[in-house]
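Participant: Let me begin by handing over the structure; questions about it come next.
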Amino acid sequence: MRISGRRVRAIFRKELREYRRKTSVVVAMATIPLLYIVQPLVSVFALPASASGQLRHEHVLLYVLGIPALVPVLIAAFAVVGEREQGTLEPVLTTPVRREELVLGKALAALLPSVGVAYAVFAIFIGCVRVFAEPTVASSLLQWSQILAQLVFTPLIAAWSIWIGMFISTKASDLRVAQQLGVLASLPTVIVAVLIALNVIHPSLAVALRFALLLLVLDTVGWRVVSAAFDRERLITGTR
Amino acid sequence: MVGQHHDEGAPALSVQGLGKRFGDRVAFHDVSFEVGRGEIFGFLGPNGAGKTTTVRTLATLIAPTSGSAVVAGIPLAPENGVAIRMLIAVMPESPGLYLRLSVAENLECFTDLYGTANPRERIAWALAEVKLTDRAADICGSLSKGLRQRVALARALLSDPRVLFLDEPTAGLDPVAARDVHDLIGQLRERGVTVFLTTHRLEEAEQLCDRVAILNTTLLRIGRPDTLRDELFATTLAVSTREPLPDPAAVFAGLPGLTGWRQEDTGRYVLSVTDPTLTAPAATRALVAADADVLSISQSRASLEDVYLELVAGESGGPR
């Protein structure tokens, strides 16, 4: 089977145009991550300079990895069931597009803004820590290894979250149910991020590499699984 | 492997014993027909008759449970889905436009999906065909139902399809817009595009279609509208006189080609005939000889609607 880059780009471009004009999606994508970092920021601002020694052995920055797990699932959950509810799925399925191309185009379109938002919120987090936290606390907190981990893991986690959301979207018959199930399904990833931040899971280089490899495999398998779950007949007729 | 047949004489659609079940429910079964290239083929039937499911099956959206078909020269099979969809276009009953995107953006998405050469020119042409050139920048959500229908029609034209499936293309259109669509369908016929038209507007089918099929889960009848009329209804002459005839039986007795007559109203008689050109002059002479004041003698023809009602109501056991 040959994947057509042109058709993937067509879906990708259409999705991005739609996101730009869906105010509710933009607001949700921006609001949820900002709320997510309020509590850790307040905690960091309250830390005295004496806490900086302890902070060197913690990984508070990795708490922000919960954002790429939470944000994309909301838009990915819309991807299929939302189009089905709007009646826009059938015309697209009458074109030569393959289901693998359709889901890949939609996933990439969800990935781009999700990663963008996650990086932007991370940058805001770092900026706020630099400006408002005790200077010694800030220098202890902002470790290059964690910043690098954030940059590497954000797209990997976001992609995984998107496949979860899209899988639910192909199976759900209602958009709200899909979004609620999507958030629930993304919680394990968020919990892992929190456990790492709290040092319950100690993030060594070996652990990071294993996680990265696992996510790469899951992201590849996710595309195949979601494509297989995308059943034209059931999505069009609601029966099979 | 796609088994394409580009034989010019081959039908655009060839359907043999096609059927689709959803569990225990039969959507349609044992449907067989052929549609020639450049033909406008009407597909009629009551709600739930299986028309849309047939279209979706032929458009490779759903898989048949029995039978076979060849669409645009390609056998209907899962591995041929992409190849078939390259050669056809479907305008579903609901326009299904992206309401937050502009008309042009909606169409751009589809030219990209079809890989259309010169997409901008093609979009401009399609919009001109449906008289929407000046609305290209409008957001689809701001358009009326009728205009959305026309955008959906423009979208169906983008890929220059060999077979075009139109599901209720004039639903929601005002009479002028509907006439424009009829003209467009006529132009498509001239260009050799095969049109598979699903409609509830029987006068539309009668006006546009070379042949029609009437479906009610199974195919009830297929043929040219006038042939179906002749098959199902006797040709009649309607005779109207100023005063009721004192003895109509005596007047109509012995008329050539007369198979029966009935009185419908005061001074109004309906004669069933085999050949109106033979019976009408003889009836005129007989009426004049009987000293009747003849107001009119006209041939009355059953409409496609009569044919449809006869077949569908007869099938369901309803009133005729």
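Chains A and B, in that order, give the protein sequences. In terms of our numbering, the first sequence opens at residue 1 and continues consecutively. In terms of our numbering, the second sequence opens at residue 1001 and continues consecutively. All C-beta atoms, glycine included, are put in the ideal place defined by N, C-alpha and C. All figures in this text were calculated on a predicted structure; none of them were measured in a lab.
Just to confirm, is the Cβ distance from residue 163 (chain A) to residue 226 (chain A) under 7 angstroms?
Facilitator: In contact: residue 163 (chain A) and residue 226 (chain A) (Cβ atoms closer than 7 angstroms).
Participant: Using CA atoms only, rank isn't needed, just tell me which of B:1291, B:1039, B:1040, B:1015 is closest to residue 1030 (chain B).
Facilitator: Selected option, being the one with the closest Cα: B:1015.
Participant: Closest Cβ-Cβ distance between residue 1062 (chain B) and chain A: below 7 angstroms?
Facilitator: Yes - at least one Cβ of chain A is within 7 angstroms of the one on residue 1062 (chain B).
Participant: Any contact of the segment 1282-1294 of chain B with the segment 1246-1266 of chain B, i.e. 3+ C-beta pairs under 8 angstroms?
Facilitator: Yes: at least three Cβ pairs fall under 8 angstroms.
Participant: For residue 1077 (chain B), tell me which candidate among B:1157, B:1107, B:1062, B:1163 has the shortest Cα-Cα distance.
Facilitator: Nearest of B:1157, B:1107, B:1062, B:1163 to residue 1077 (chain B), Cα basis: B:1062.
Participant: Could you tell me the alpha carbon to alpha carbon distance between residue 1280 (chain B) and residue 1206 (chain B), rounded to whole angstroms?
Facilitator: If I take the Cα positions, the gap works out to 26 angstroms.
Participant: Return the CA-CA distance between residue 37 (chain A) and residue 213 (chain A), expressed in angstroms with no decimal places.
Facilitator: C-alpha separation (whole angstroms): 27 angstroms.
Participant: Can you tell me whether residue 1013 (chain B) is buried or exposed? The criterion is at least 16 other CB atoms within 10 Å of its CB, across all chains shown.
Facilitator: Classification of residue 1013 (chain B): buried, given that the 10 Å Cβ count is 16 or more.
Participant: Go through its chain and collect everything with a Cβ distance to residue 1046 (chain B)'s Cβ below 7 angstroms, but skip five positions before and after it.
Facilitator: Result list for residue 1046 (chain B): 1216, 1312, in chain order.
Participant: What would DSSP say about residue 1047 (chain B), mapped onto helix, strand or coil?
Facilitator: DSSP places residue 1047 (chain B) in coil when its eight states are reduced to three.
Participant: Quick test of the definition: if touching needs 3 or more C-beta pairs under 8 angstroms, does the segment 11-25 of chain A touch the segment 103-118 of chain A?
Facilitator: Enough Cβ pairs lie closer than 8 angstroms, so yes.
Participant: Looking at the structure shown, is residue 1091 (chain B) part of a helix, part of a strand, or coil, going by DSSP?
Facilitator: Residue 1091 (chain B): strand per DSSP, three-state reduction.
Participant: DSSP three-state call for residue 1237 (chain B): helix, strand or coil?
Facilitator: Strand at residue 1237 (chain B).
Participant: Helix, strand or coil: how does DSSP classify residue 78 (chain A) here?
Facilitator: Residue 78 (chain A) falls in the coil class under three-state DSSP.
Participant: Could you say if the segment 1063-1075 of chain B and the segment 1121-1140 of chain B meet the contact criterion of at least three C-beta pairs nearer than 8 angstroms?
Facilitator: Not touching, per the Cβ criterion.
Participant: Mind pulling the chain A residues with CB within less than 9 angstroms of residue 1110 (chain B)?
Facilitator: Correct list: 10, 91, 92, 95.
Participant: Short of 7 angstroms in beta carbon distance, which residues of its chain neighbour residue 129 (chain A), apart from the five on each side in sequence? Order them along the chain.
Facilitator: Closer than 7 angstroms at Cβ, skipping near neighbours: 44, 138, 141, 142.
Participant: Does the segment 1107-1116 of chain B come close enough to the segment 81-98 of chain A that 3 or more CB-CB pairs lie under 8 angstroms?
Facilitator: In short, these stretches touch, since the Cβ pair count reaches three.
Participant: Residue 257 (chain A) to residue 1074 (chain B), Cα distance in whole Å?
Facilitator: The shown model of chain A, from 1 to 240, leaves out residue 257 (chain A), and the question about it has no answer.
Participant: Say whether the segment 1236-1250 of chain B touches the segment 1292-1306 of chain B, bearing in mind that this needs 3 or more beta-carbon pairs closer than 8 angstroms, one atom from each stretch.
Facilitator: Yes, the segment 1236-1250 of chain B touches the segment 1292-1306 of chain B.
Participant: Provide the residue(s) that pair with residue 1125 (chain B) in DSSP beta bridges, ordered along the chain.
Facilitator: Answer by DSSP bridge pairing: none, since residue 1125 (chain B) is not bridged.
Participant: State yes or no: is the C-beta of residue 182 (chain A) within less than 7 angstroms of the C-beta of residue 73 (chain A)?
Facilitator: Cβ distance < 7 angstroms, so residue 182 (chain A) and residue 73 (chain A) count as in contact.
Participant: From which residue to which residue does the beta strand (DSSP E) around residue 14 (chain A) run?
Facilitator: Counting along the chain, residue 14 (chain A) falls outside any beta strand (DSSP E), though it belongs to the alpha helix (DSSP H) covering 5-21.
Participant: Would you mind working out which of A:47, A:68, A:85, A:150 sits nearest residue 189 (chain A), comparing C-alpha positions?
Facilitator: It is A:68 whose Cα lies nearest to the Cα of residue 189 (chain A).
Participant: Would you mind reading off the limits of the alpha helix (DSSP H) that contains residue 1183 (chain B)?
Facilitator: Looking at the DSSP string, the run of the alpha helix (DSSP H) that includes residue 1183 (chain B) is 1175-1190.
Participant: Quick check on DSSP: helix, strand or coil for residue 1020 (chain B)?
Facilitator: Reduced to three states, the DSSP call for residue 1020 (chain B) is strand.
Participant: Have a look at residue 1002 (chain B) and residue 1058 (chain B) and give me their C-alpha separation to the nearest angstrom.
Facilitator: At residue 1002 (chain B) the pLDDT is 46, less than 50, meaning the model places this residue with poor confidence; the figure from the coordinates comes in the next sentence. C-alpha separation (whole angstroms): 16 angstroms.
Participant: I'd like to know whether the C-beta atoms of residue 1018 (chain B) and residue 1081 (chain B) end up nearer to each other than 7 angstroms.
Facilitator: Contact: no.
Participant: Given a cut-off of 7 angstroms, decide if residue 1155 (chain B) and residue 1197 (chain B) are closer than it, judged by their beta-carbon atoms.
Facilitator: No, the Cβ-Cβ distance between residue 1197 (chain B) and residue 1155 (chain B) is not below 7 angstroms.
Participant: For residue 88 (chain A), which residues in chain B fall below 8 angstroms Cβ to Cβ?
Facilitator: Correct list: 1096, 1097, 1098.
Participant: Can you list the residues of chain A that residue 1352 (chain B) reaches, using a CB-CB cut of under 8 angstroms?
Facilitator: Past the boundaries of the shown model lies residue 1352 (chain B); chain B is included only from 1001 to 1320, so the question cannot be answered.
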